[in-house]
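K.L.:
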Amino acid sequence: MTQEEFVEAAGLCGEYLYFILQNIRTQGYSFFNDAEESKATIKDYADSNCLKTSGIKSQDGHSHSRTSLQSSHLWEFVRDLLLSPEENCGILEWEDREQGIFRVVKSEALAKMWGQRKKNDRMTYEKLSRALRYYYKTGILERVDRRLVYKFGKNAHGWQEDKL
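Once you know that position 141 of the sequence shown is 141 in the UniProt record's numbering, the rest is easy, because the numbers rise by one and skip nothing.
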């Protein structure tokens, strides 16, 4: 089985599991010595692996590959993350789903994930939030007077449960 096939079959942690199995196969042991060390490393890997998601389901239920998300708008990327809790990794969460209000929980992780989509290693949350604020003018997002909280506006589509 190739690494690609293994990752596809194993899901989110496939790369990590493949790495462990290859290490055991070639060196005869896992690289973990302590159970606590392994728990910390697994959590760190899972957090970083969330930033490498290969596809996020859009509102139409189709999975997008990395290349199709390259042309995606930031607000669509955020919407698709909110609609895909399995890909979200706790980065965003709904505050009021019916009203379209959501909160950014892990701002730097969101910026890093968006930067990876756009192949921009130097993306920061400061830059990303500036881009989000530009959507106020177009009516895609509306102002919410709280830090890290945004609301979908009248021109945003695909985020409402009843209209999916």
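Glycine included, each C-beta is placed from N, C-alpha and C at the ideal position. The model shown is predicted, which means the values in this text are computed figures rather than measured ones.
#1: At the level of alpha carbons, what is the spacing between residue 108 and residue 91?
#2: Any idea which residues DSSP pairs residue 80 with across the strands?
#3: Give every residue of the same chain whose Cβ lies closer than 6 Å to the Cβ of residue 135, excluding the five residues on either side of it in the sequence, and list them in chain order.
#4: Which same chain residues, not among the five before or five after residue 159, have their C-beta less than 8 Å away from its C-beta?
#5: For the beta strand (DSSP E) containing residue 94, list its first residue and its last residue.
#6: Grab the span of the beta strand (DSSP E) containing residue 151 for me, first residue to last.
#7: Nearest to residue 124 by CA position, among 98, 25, 106, 143, is which residue?
#8: Pull up the DSSP beta-bridge partners for residue 142, would you.
#9: DSSP on residue 103, reduced to helix/strand/coil?
#10: Helix or strand or just coil, what does DSSP make of residue 72?
#11: Residues in the same chain with beta-carbon distance under 8 Å from residue 147, minus the five sequence neighbours each way, listed in chain order, please.
#12: How is residue 115 classed by DSSP in three states: helix, strand or coil?
#13: So for residue 3, helix, strand or coil by DSSP?
P.N.:
If we stick to the structure as given:
#1: 9 Å
#2: DSSP, once it has assigned bridges, lists no residue as partnering residue 80.
#3: 75, 141
#4: 59, 79, 82, 83, 100, 152
#5: 92-96
#6: 149-152
#7: 106
#8: 151
#9: strand
#10: coil
#11: none
#12: helix
#13: helix
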